[in-house]
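Colleague: Numbering (this note's numbering), first residue to last: 593 to 954.
Structure incoming, see below.
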Ligand code: COI
């Protein structure tokens with residue numbers, strides 16, 4: 593792979609981040625970009641000023657959705673260091689998603705270096721407050737103009753950076769969830785385990801209808817029998833019950849979350865009985881009725897841990913753990929964020945340091 597070309601613009605003013613960052617509203621000054629062609633493979637890696645993209649109206653991904661993305665975070669630790677959380681896992685998942693939709697794979701080591709270079713250049717944009725971070729959004733799309741249904745011949749990979757706060761406006765407060773038994777998010781052997789825009793498009797109508805009824809998001813059931821629990825909103829789900837903590841087993845329809853993987857590993861280290869298996873919504877309601885359901889929470893990069901305080905299924909309205917996040921969700925959130933912000937040592941090799949280097953302004 594070629595070396596990265598830098599087109600860095602001079603910064604005249606100090607970066608002032610708004611008080612309330614929210615999620616995905618602000619963007620840093622530069623992006624990373626590279627191109628793919630059949631003859632040259634991935635080439636032309638460049639870090640350049642953020643600008644609008646101009647594209648032909650027949651650009652393939654606009655029509656047939658051949659695109660993938662990732663979401664990971666950079667943190668400013670309490671010692672002033674800049675770190676990434678499990679970037680290797682995100683890059684690996686990007687390549688898994690790529691395979692499913694016929695996008696050519698990227699060199700994982702090179703992409704990690706590119707990511708670190710971009711974050712280094714934009715490190716002044718990383719908020720230092722706990723709960724805030726720099727969200728990193730790599731994405732790839734089929735870029736040549738053509739209206740026949742086939743894999744594209746050229747691709748673009750872009751890394752975009754966005755300083756963020758909490759994903760949900762509730763922050764860490766428990767959310768209200770509606771069990772969705774009309775629409776489905778993804779089918780097994782379809783695109784469910786792939787981080788591709790289609791899955792998010794499929795989720796929008798259900799999300800909007802749930803919001804109109806006063807819920808934050810929906811809980812997704814499997815697409816065949818609409819019986820087993822799969823995901824919650826855009827997150828993986830964990831159910832804390834008497835004797836075991838259950839998370840749905842990866843079945844091709846569920847996104848293999850990096851936070852999901854992190855939580856499973858922590859629970860195992862804490863000697864808790866974490867089980868990956870099928871779990872039906874009926875089992876959850878029965879456990880609720882018998883008083884054996886202690887907590888439900890979602891896991892994802894954006895929100896880390898998001899507790900479900902209220903769950904509604906058909907006519908049944910359940911208040912989970914008195915509408916409180918619960919000890920386990922709080923403990924997991926504290927553990928993961930403490931490692932991310934350097935308040936606790938990383939004994940797992942999850943943290944990747946970004947060395948601060950001077951880069952010349954062009
Ligand atoms: C996450 O939880 O990190 C997500 O996947 C949400 C993202 C699509 C905004």
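Just so it is clear, CB atoms sit at the ideal spot from N, CA and C, and this is done for glycine as well.
Nothing here was measured: the structure is a model prediction, and the numbers come from that model.
Give the straight-line distance between the Cα atoms of residue 731 and residue 881, rounded to the nearest whole angstrom.
Modeller: On the chain shown, position 139 is the one that residue 731 refers to. On the chain shown, position 289 is the one that residue 881 refers to. Residue 731 and residue 881: Cα-Cα distance of roughly 44 Å.
Colleague: Exposed or buried, which one is residue 641 when buried takes at least 16 other CB atoms within 10 Å?
Modeller: Reading the chain shown from its first residue, position 49 is the one you call residue 641. It is exposed - the Cβ of residue 641 has fewer than 16 other Cβ atoms within 10 Å.
Colleague: Given that a residue counts as buried once 16 or more other Cβ atoms are within 10 Å of its Cβ, and exposed if not, what is residue 648?
Modeller: As a position in the chain shown, residue 648 is number 56, starting the count at 1. Exposed, by the Cβ-count rule.
Colleague: Consult DSSP for residue 717 and reduce its assignment to one of helix, strand or coil.
Modeller: For the purposes of this step, residue 717 is identified with residue 125 of the chain shown, where counting begins at 1. Looking at residue 717 - three-state DSSP - the assignment turns out to be helix.
Colleague: So the beta strand (DSSP E) residue 880 belongs to, where does it begin and stop?
Modeller: Locating residue 880 in the chain shown gives position 288, where the first residue counts as 1. Counting along the chain, residue 880 falls outside any beta strand (DSSP E), though it belongs to the alpha helix (DSSP H) covering 873 to 881.
Colleague: Please classify residue 828 as buried or exposed, where buried requires at least 16 other C-beta atoms within 10 Å of its C-beta.
Modeller: Here residue 828 corresponds to residue number 236 of the chain shown, with the count starting at 1. Answer is buried; the Cβ neighbour count reaches 16.
Colleague: Can you name the start and end residues of the alpha helix (DSSP H) that residue 692 belongs to?
Modeller: Position 100 of the chain shown, counted from the start, is the residue given in the question as residue 692. Going by DSSP, residue 692 is part of the alpha helix (DSSP H) stretching over 679 to 692.
Colleague: Are there 16 or more other CB atoms within 10 angstroms of the CB of residue 911, so buried, or fewer, so exposed?
Modeller: Stepping through the chain shown from its first residue, residue 911 is reached at position 319. The residue in question, residue 911, is exposed, as its Cβ has fewer than 16 Cβ neighbours within 10 Å.
Colleague: Within 7 Å: the Cβ of residue 845 and any heavy atom of the ligand COI?
Modeller: The count along the chain shown starts at 1 and reaches residue 845 at position 253. No - the ligand COI has no heavy atom lying nearer than 7 Å to the Cβ of residue 845.
Colleague: In three-state terms, what does DSSP make of residue 622?
Modeller: Within the chain shown, numbered from 1, the residue matching residue 622 stands at position 30. If DSSP states are grouped into helix, strand and coil, residue 622 belongs with the strands.
Colleague: Between 913, 914 and 597, which lies nearest to residue 710 when the distance is taken from Cα to Cα?
Modeller: In the chain shown, residue 710 corresponds to position 118, counting from 1. Minimum Cα distance to residue 710 is reached at 597.
Colleague: So, are the CB atoms of residue 948 and residue 712 less than 8 Å apart?
Modeller: For this step, residue 948 is matched to residue 356 along the chain shown. For this step, residue 712 is matched to residue 120 along the chain shown. In contact: residue 948 and residue 712 (Cβ atoms closer than 8 Å).
Colleague: In this structure, how does DSSP classify residue 835 when only helix, strand and coil are distinguished?
Modeller: Counting from 1 along the chain shown, the entry for residue 835 is found at position 243. Coil.
Colleague: Could you tell me which uninterrupted alpha helix (DSSP H) segments, each at least 4 residues in length, are contained entirely in the region 798 to 873, listed from first to last along the chain?
Modeller: List check, alpha helix (DSSP H) in window: 850 to 861.
Colleague: Just curious, the beta strand (DSSP E) that residue 726 is in, first and last residue?
Modeller: By 1-based counting over the chain shown, the position of residue 726 is 134. Looking at the DSSP string, the run of the beta strand (DSSP E) that includes residue 726 is 725 to 734.
Colleague: Please classify residue 820 as buried or exposed, where buried requires at least 16 neighbouring CB atoms within 10 angstroms.
Modeller: Working through the chain shown from its first residue, we reach residue 820 at position 228. Residue 820 comes out buried.
Colleague: Can you grab the Cα-Cα spacing for the pair residue 815 / residue 700, in whole Å?
Modeller: In the chain shown, the residue the question calls residue 815 occupies position 223. In the chain shown, the residue the question calls residue 700 occupies position 108. Each residue's Cα considered, the two are about 33 Å apart.
Colleague: Who pairs with residue 772 in a beta bridge, going by DSSP?
Modeller: Residue mapping note: residue 772 aligns to position 180 of the chain shown, counting from 1. Paired residues: 812.
Colleague: What do you reckon, is the C-beta of residue 892 under 7 Å from a heavy atom of the ligand COI?
Modeller: By 1-based counting over the chain shown, the position of residue 892 is 300. Checking the Cβ of residue 892 against the ligand COI gives yes.
Colleague: Does the pairing of the region 745 to 761 with the region 718 to 731 give three or more beta-carbon distances under 8 Å?
Modeller: yes
Colleague: According to DSSP, is residue 913 helix, strand or coil?
Modeller: Numbered from 1 along the chain shown, position 321 holds the residue referred to as residue 913. Of the three classes helix, strand and coil, the one that applies to residue 913 here is helix, per DSSP.
Colleague: Under a Cβ-count criterion, where at least 16 other Cβ atoms within 10 Å of its own Cβ denotes burial, should residue 622 be classed as buried or exposed?
Modeller: Counting from one through the chain shown, the residue named residue 622 turns up at place 30. By the neighbour-count rule (16 or more Cβ atoms within 10 Å), residue 622 is buried.
Colleague: I'd like the span of the beta strand (DSSP E) that includes residue 754, first residue to last.
Modeller: Position 162 of the chain shown, counting from 1, holds the residue named residue 754. Per DSSP, residue 754 belongs to the beta strand (DSSP E) from 747 to 756.
Colleague: Around the C-beta of residue 678, are 16 or more other C-beta atoms found within 10 angstroms, so that it is buried, or is it exposed?
Modeller: Here residue 678 is taken as the residue at index 86 of the chain shown, counted from 1. The residue in question, residue 678, is buried, as its Cβ has 16 or more Cβ neighbours within 10 Å.
Colleague: Residues in its own chain within less than 6 Å of residue 626 by CB, not counting five upstream and five downstream?
Modeller: What you label residue 626 is simply residue 34 of the chain shown in a count that begins at 1. Excluding residues within five positions, the ones whose Cβ falls inside 6 Å are 634, 636, 637 and 749.
Colleague: On the premise that residue 832 lies in contact with residue 914, defined as a C-beta separation below 8 Å, what is that separation, rounded to the nearest angstrom?
Modeller: Position 322 of the chain shown, counted from the first residue, corresponds to residue 914. Position 240 of the chain shown, counted from the first residue, corresponds to residue 832. Residue 914 to residue 832, Cβ: 14 Å. No contact.
Colleague: Does the count of Cβ pairs from the region 653 to 667 and the region 921 to 928 closer than 8 Å reach three?
Modeller: no
Colleague: Do residue 733 and residue 696 have their C-beta atoms within less than 8 Å of each other?
Modeller: Translated into positions along the chain shown, residue 733 becomes position 141. Translated into positions along the chain shown, residue 696 becomes position 104. It is not a contact, given that the beta carbons lie outside the stated cut-off.
Colleague: How about residue 896 and residue 929: do their beta carbons lie closer than 8 Å?
Modeller: Translated into positions along the chain shown, residue 896 becomes position 304. Translated into positions along the chain shown, residue 929 becomes position 337. Cβ atoms of residue 896 and residue 929: closer than 8 Å.
Colleague: Here's a check: name, in chain order, each residue in its chain whose Cβ is nearer than 8 Å to the Cβ of residue 874, leaving out the five neighbours to either side.
Modeller: Indexing the chain shown from 1 puts residue 874 at position 282. 819, listed in sequence order.
Colleague: Rounded to whole angstroms, what is the Cα-Cα separation between residue 666 and residue 953?
Modeller: Start at 1 with the first residue of the chain shown, and residue 666 comes out as number 74. Start at 1 with the first residue of the chain shown, and residue 953 comes out as number 361. Taking the straight line joining both Cα atoms gives about 23 Å.
Colleague: Applying the criterion that 16 or more other CB atoms from any shown protein chain within 10 Å of the CB defines a buried residue, is residue 674 buried or exposed?
Modeller: Residue mapping note: residue 674 aligns to position 82 of the chain shown, counting from 1. Residue 674 should be labelled buried.
Colleague: Taking the CB atoms as reference points, tell me whether residue 685 and residue 787 lie closer together than 8 Å.
Modeller: As a first step, residue 685 is located in the chain shown; it is residue number 93 there, counting from the start. As a first step, residue 787 is located in the chain shown; it is residue number 195 there, counting from the start. Cβ distance < 8 Å, so residue 685 and residue 787 count as in contact.
Colleague: Less than 7 Å between the CB of residue 638 and some heavy atom of the ligand COI, yes or no?
Modeller: Stepping through the chain shown from its first residue, residue 638 is reached at position 46. Incorrect: residue 638 has no Cβ contact closer than 7 Å to the ligand COI.
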